[in-house]
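Reading through the structure tokens given below for one structure.
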Amino acid sequence: MSTTTTAEATPSSLFRIEQLNETNWVPWKRRVTAIFRERALLKIIEGTTLKPVTADPDKPTADEKKQIERWEELDGKAQTQIELTLSDSQMVHIAGAKTAAEMWTQLKQVKERGGKL
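In case it helps, this note's numbering puts the sequence shown at residues 79 to 195.
Below is the structure:
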């Protein structure tokens, strides 16, 4: 029995994909990557858009705070996308991950036997 989830960005932008299970990594990865690309989250999961750092950690500027908040918002959306498209049996593979990029890397390491496919 396959389970599908609805990944919602806006009310007019619904995607239905089968949850990741033990046997569907390649099609799941392709579909969820398309969703990340559509939602401008691909660089977040790839780890190429990193969390901004402040020049002075004790006194971040208003602009730095805004940049950090925006990154945290995008990372949260990407994490949610991953979490809601995994079957219960696959959740163990993202245990301990603190960012969407860490989740994505852990999934690839488990599913691709070397991180690339």
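Note that CB positions come from ideal geometry on N, CA and C, so glycine has one too. These numbers come from a predicted model, not from an experiment.
Neighbourhood of residue i by C-beta, 8 Å cutoff - its chain only, sequence neighbours within 5 removed
| i | result |
| --- | --- |
| Glu190 | Trp103 |
| Thr139 | Thr132 and Ala133 |
| Thr127 | Lys121, Trp149 and Leu152 |
Sequence-distant residues of the same chain with beta carbon closer than 6 Å to residue i, five excluded per side
| i | result |
| --- | --- |
| Glu142 | Thr132 |
| Ala156 | Leu119, Ile122, Ile123 and Ala178 |
| Phe182 | Checking the sequence, you will find Trp at residue 182 rather than Phe. So the list reads Ile123, once near-sequence residues are dropped. |
| Leu185 | His171 |
| Gln168 | Leu98 |
| Glu180 | none |
| Thr101 | none |
| Pro89 | Note on Pro89: pLDDT 36, under 50, position unreliable in the model; the coordinate value appears next. Excluding residues within five positions, none has a Cβ falling inside 6 Å. |
| Gly125 | Ala179 |
Start-to-end residues for the alpha helix (DSSP H) that takes in residue i
| i | result |
| --- | --- |
| Ile122 | Leu120 to Glu124 |
| Pro105 | Trp103 to Glu116 |
| Glu147 | Ala140 to Leu162 |
| Gln187 | Ala178 to Lys189 |
Of the residues the options, the one placed nearest residue i, counting alpha carbons only
| i | options | result |
| --- | --- | --- |
| Asp153 | Trp106, Trp182, Thr177 and Gln184 | Thr177 |
| Trp106 | Gln159, Ala179, Gly125 and Ala175 | Gln159 |
| Val110 | Gly174, Asp166, Glu161 and Val188 | Glu161 |
| Pro135 | Ile146, Asp166, Thr127 and Thr126 | Ile146 |
Beta-carbon proximity list for residue i, same chain, < 7 Å, skipping 5 on both sides
| i | result |
| --- | --- |
| Ala175 | Met181 and Gln184 |
| Ser165 | Thr81, Gln97, Leu98 and Asn99 |
| Pro130 | Glu142, Gln145, Ile146 and Trp149 |
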